[in-house]
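Step one of this worksheet: look at the structure below.
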Amino acid sequence: MNRQNPFEEIDRLFDRISSEFGDFEPGAGLGGSVAVDVADTGETFEATADVPGYSSDDIDVTLPDPRTVRIAASQETTSEEGGESEDQQFIRQERTRRTMSRTVPLPDRVRTEDAEASYDNGVLTITLPKQEAGSGTDIPVN
Numbered sequence: 000m001n002r003q004n005p006f007e008e009i010d011r012l013f014d015r016i017s018s019e020f021g022d023f024e025p026g027a028g029l030g031g032s033v034a035v036d037v038a039d040t041g042e043t044f045e046a047t048a049d050v051p052g053y054s055s056d057d058i059d060v061t062l063p064d065p066r067t068v069r070i071a072a073s074q075e076t077t078s079e080e081g082g083e084s085e086d087q088q089f090i091r092q093e094r095t096r097r098t099m100s101r102t103v104p105l106p107d108r109v110r111t112e113d114a115e116a117s118y119d120n121g122v123l124t125i126t127l128p129k130q131e132a133g134s135g136t137d138i139p140v141n
């Protein structure tokens, strides 16, 4: 009779828990949030966010309106164990997806058409030129 080790299931559970915490990055904020600094440089607002481990293709920066900037990053990875021959089946194949996002209100309106973003060594920098005062739309009164 072949008896199983009663602690194997516990070992598998601890391995699973450890792998979940392995992807935890304390600097990324709780709940997949991106920490963002916003500076007023006079003519522009400059938003800086640390988004390490992503490529520029994984990051989306949008301006839903002239007083809001939204940063989102999403990445999917696959890890495999076992060889890749035609006569071998996967013993284990895991996929992980990590996402981070943040919507930041701005103190004044910006010119959305002139906004720029750059990504270098894990740091996202967004330059948002301020809209000049009085550059709103005139509506004639009949």
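Numbered by numbering that gives the first Met the number 0, the letters in the sequence shown go through residues 0 to 141 in order.
All residues carry an ideal CB built from backbone N, CA and C; glycine is no exception.
Can you tell which of the options has the C-alpha that lies nearest to the C-alpha of residue i?
i	options	result
Y118	A48, T67 and V33	A48
T95	D113, S73, E42 and E45	S73
R15	E93, E42, P139 and P65	E93
P128	R97, G41 and G121	G41
Going by other Cβ atoms of all chains shown within 10 Å of its Cβ, with 16 needed for buried, is residue i buried or exposed?
i	result
F6	exposed
A38	exposed
Give me the Cβ distance between residue i and residue j, rounded to the nearest whole Å; I'm assuming they're in contact under 8 Å.
i	j	result
L123	T67	With 8 Å as the limit, L123 and T67 do not qualify as a contact, their Cβ atoms being about 16 Å apart.
S54	M99	Actually they do not touch by this definition, with Cβ atoms about 14 Å apart.
Suppose you measure from the CA of residue i to the CA of residue j; what does that come to, to the nearest Å?
i	j	result
V109	P51	27 Å
L29	T61	Low per-residue confidence applies at L29: pLDDT is 39, beneath 50, and the placement is therefore not dependable, though the value from the model is reported in the following sentence. Looking at the two C-alpha atoms, the distance is approximately 22 Å.
I70	D59	6 Å
A114	V103	15 Å
F44	I125	8 Å
Q130	A46	16 Å
P63	D57	19 Å
P65	D107	8 Å
Report yes if the C-beta distance between residue i and residue j is below 7 Å; otherwise report no.
i	j	result
R101	V35	yes
Does the Cβ of residue i lie closer than 6 Å to at least one heavy atom of the ligand ATP?
i	result
P65	Only the bare structure without any ligand can be found here, which leaves the ligand ATP out of the picture.
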